[in-house]
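Scroll down for the structure; my scribbles are underneath it.
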Amino acid sequence: MGSVTVNITYETLFDLSRNEGKDNLQQLPEKFYVELVQYLQEKNKLMESPEREKTAKQLQNVHRLVRDIYERRETKLLQLAAAAARGSEPSMDTMLPPERELFEQVRDLLKHTRKEVLARLLKGEEPGKLTAPPAEQAPPGPEADALMVQFQAHVPKFLGTALEIYGPFEPGEMANLPREIGELLVRKGRAQALQ
Numbered sequence: 405m406g407s408v409t410v411n412i413t414y415e416t417l418f419d420l421s422r423n424e425g426k427d428n429l430q431q432l433p434e435k436f437y438v439e440l441v442q443y444l445q446e447k448n449k450l451m452e453s454p455e456r457e458k459t460a461k462q463l464q465n466v467h468r469l470v471r472d473i474y475e476r477r478e479t480k481l482l483q484l485a486a487a488a489a490r491g492s493e494p495s496m497d498t499m500l501p502p503e504r505e506l507f508e509q510v511r512d513l514l515k516h517t518r519k520e521v522l523a524r525l526l527k528g529e530e531p532g533k534l535t536a537p538p539a540e541q542a543p544p545g546p547e548a549d550a551l552m553v554q555f556q557a558h559v560p561k562f563l564g565t566a567l568e569i570y571g572p573f574e575p576g577e578m579a580n581l582p583r584e585i586g587e588l589l590v591r592k593g594r595a596q597a598l599q
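For the sequence shown, position 125 (counting from the first letter as 1) is numbered 529 according to our numbering, and the numbering increases by one without interruption.
Next up, the structure:
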């Protein structure tokens, strides 16, 4: 996966959006998000040109297409994660790196929930209160145990160690995150520590 590159234009985004309407998760270049960010940055620079009104409309249409592609892929990822939690082994070949992370987090959460709820119900037991999977639970830490980071790449929505939702984040955005999460993002090159 990923050796393909795409010169991003409005037309290619339109084609990608149309293709993503198919049932299966479609193949995208490994660096799709990087190329997309570059394209959007170029479009934003054009907002300073005399044809600002025309560029604003184009940018609005591009944002609509990007949102459409993302949401279609997100829906498919959630369906694949649910299927994986039930025991199937879907291919991860067409998933971009952030999508793989989302898939794995949702799959693991659904597996844990199935164990906590469905397995207990089938034994004739009440499900009880849902908690985070034991490996992911972290004791609540003080605010001093946080790390301010600036994102270097797109990071989709993700679950924290106590099942709190973070994101999505775009390059340049800053956030104060639990130190463990912030350091992981820094190690993966998705963010830069500011403290």
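Just so it is clear, CB atoms sit at the ideal spot from N, CA and C, and this is done for glycine as well. Model, not experiment: these values are computed from the prediction.
- Within the DSSP secondary-structure output, residue 570 pairs in a beta bridge with 562.
- If you draw a straight line from the Cα of residue 470 to the Cα of residue 584, it comes to about 30 Å.
- In the structure shown, residue 557 falls within a coil segment according to DSSP collapsed to helix, strand and coil.
- A distance below 8 Å separates the beta carbons of residue 552 and residue 598.
- Residue burial annotation: residue 451 is exposed, with fewer than 16 other C-beta atoms found within 10 angstroms of its C-beta.
- For residue 431, the secondary structure class from DSSP, reduced to helix, strand or coil, is coil.
- Annotation for residue 582: the continuous beta strand (DSSP E) segment containing it runs 578-582.
- Secondary structure at residue 551: strand, using DSSP grouped into helix, strand and coil.
- In terms of Cβ geometry, residue 526 and residue 489 do not form a close pair [threshold 8 Å].
- Straight-line spacing of the CA atoms in residue 481 and residue 458 works out to 35 Å.
- Taking the CA atoms as reference points, residue 507 sits about 6 Å from residue 485.
- For residue 422, the uninterrupted alpha helix (DSSP H) segment begins and ends at 414-423.
- A direct Cα-to-Cα measurement between residue 477 and residue 468 gives close to 14 Å.
- Annotation for residue 421: 469, 472, 473 and 476 place their beta carbon closer than 8 Å to its own, counting only its chain and skipping 5 residues before and after.
- In the DSSP secondary-structure assignment, residue 597 is bridged to 553.
- Across the structure, residue 503 and residue 560 are spaced so that their CA atoms are roughly 8 Å apart.
- Setting aside the 5 residues that flank it on each side, residue 579 is surrounded in the same chain by 553 and 573, each with a C-beta closer than 7 Å to its C-beta; the list follows chain order.
- Per DSSP, the unbroken alpha helix (DSSP H) holding residue 476 starts and ends at 456-489.
- Shortest Cα-Cα distance from residue 501 to any of 437, 510 and 522 involves 437.
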